[in-house]
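Residues 1329 to 1579, numbered by our numbering, are exactly what the sequence shown covers, in order. Where a beta carbon is used, it is the ideal one built from N, C-alpha and C, also for glycine. The structure under discussion appears below in the form of structure tokens.
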Amino acid sequence: GLASNYTVSNPTGLTADIGKANAVVTANSKTSTYNGVEQSVSGFTATGLVHGETIAELDDLSATARGKNAGSYINSASGTDNNYALSFVDGSLDIYQAKIRQVNGITANSRLFDNTTQATLNTGSATFDGVFSGDQLNVGTAIGQFEDSQVGSNKTVNITGLSLSDVDAANYELTNTTATTRADISALTPIPNSTPSILLTADYVQAIQFKREPQIPTIKTNTADSAPISLVEVINGGVNVTGLNTLTGVR
């Protein structure tokens, strides 16, 4: 009833603030396997957007990670938005090692019987089942053993302890660390026993057949122009010396 006694004028200079909404941006993650070329993951998701808005509203944000070699790469989102106070959660690009299923092409040297199973391997021509074109791989380690120590042709040589080396080895997992090849163990050729007192064991026969030409040492005496010589031959771990004068105190 008293309102008619008053007039109303609009206020001036009034302001109000609209605060940013909070939103969480999570960069995308991806798992993959090494394939010899660069791979990537991009994009993000967001929670906390209001009134049905989508990540399309966040047009100043980006998230991308790239990598070629096996390993884990961080995908980090970054940027700002006028309407949202953003917090970020990293994603990742995880590239797992490719699998080498088998190593082929390793050979073994044929050799003479020595009553052991040890085999000498040649790995320079090895090939790798599962390697991508252009990658460099070599055999890091390998142990060769004949199936037994007996004489025979085309005998199985078992290869164990295989590992990979070279610049791309870290991109691969060797799933089978064994292989096989073949080689011969040949019999020793009998030789005449010119010294009946010497037992011709297999070790001795092999040593005689393949010994290097003897290097004749010079034995100096007190006489300046006198230089007697002697031949030294190893037999079963001992040394037979011929043509040497007895040297006191020398063994």
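query	result
State the Cα-Cα distance for the pair ALA1413 and PHE1372, rounded to the nearest angstrom.	16 Å
Tell me the rounded alpha-carbon separation between THR1509 and GLY1433.	8 Å
Indicate the three-state DSSP secondary structure (helix, strand or coil) for ILE1434 in the structure shown.	coil
Sorted by chain position, which residues of the same chain lie with C-beta nearer than 8 Å to ASN1450's C-beta, five sequence neighbours on each side aside?	ILE1434, THR1435, ALA1436 and ASN1437
Based on DSSP bridge pairs, tell me the residues matched to SER1508.	It should be noted that the sequence gives Thr, not Ser, for residue 1508. In the DSSP output, where bridge partners are listed per residue, THR1508 has ASN1486.
So, does the stretch 1330 to 1345 touch the stretch 1370 to 1384, judging by three or more C-beta pairs under 8 Å?	no
If you run the structure through DSSP and keep just helix, strand and coil, what is SER1477?	coil
Determine the burial state of LYS1483: buried for a count of at least 16 other Cβ atoms within 10 Å of its Cβ, exposed for fewer.	buried
Do you know whose CA, among GLU1501, SER1400 and ASN1486, lies nearest PHE1456's CA?	GLU1501
Using the beta-carbon count (16 or more within 10 Å), is ALA1351 buried or exposed?	buried
Here's a check: name, in chain order, each residue in its chain whose Cβ is nearer than 6 Å to the Cβ of VAL1495, leaving out the five neighbours to either side.	GLN1464
Would you say THR1506 reaches chain C, if we count a Cβ-Cβ gap shorter than 9 Å as a contact?	Included in the structure is just one protein chain, with no chain C present.
Return helix, strand or coil for ASN1499, following the three-state DSSP convention.	helix
Can you tell me where the beta strand (DSSP E) holding ARG1394 begins and where it ends?	1389 to 1395
To the nearest angstrom, how far is the alpha carbon of ALA1405 from that of VAL1353?	7 Å
What is the C-beta distance between VAL1369 and SER1357, in whole angstroms, given that I count them as a contact (C-beta under 8 Å)?	7 Å
Report the residue from ASN1443, TYR1424, ARG1429 and LYS1396 whose alpha carbon sits nearest the alpha carbon of THR1361.	TYR1424
Skipping 5 residues on each side, what residues in its chain have a beta carbon closer than 7 Å to that of ALA1398?	TYR1362, ILE1423, TYR1424, GLN1425, ALA1498 and ASN1499
Return the bridge partner residues of ASP1422 from the DSSP annotation.	THR1359 and SER1400
Mapping the DSSP letters down to three states, classify SER1461 as helix, strand or coil.	coil
Quick one, which of ASN1410, VAL1431, THR1505 and ASN1486 has its alpha-carbon nearest GLN1473's?	ASN1486
Out of ASN1504, ILE1346, GLN1446 and ASN1338, which one is the CA nearest neighbour of ILE1513?	GLN1446
On the criterion of 16 or more Cβ atoms from any shown chain inside 10 Å, does GLY1462 qualify as buried, or is it exposed?	exposed
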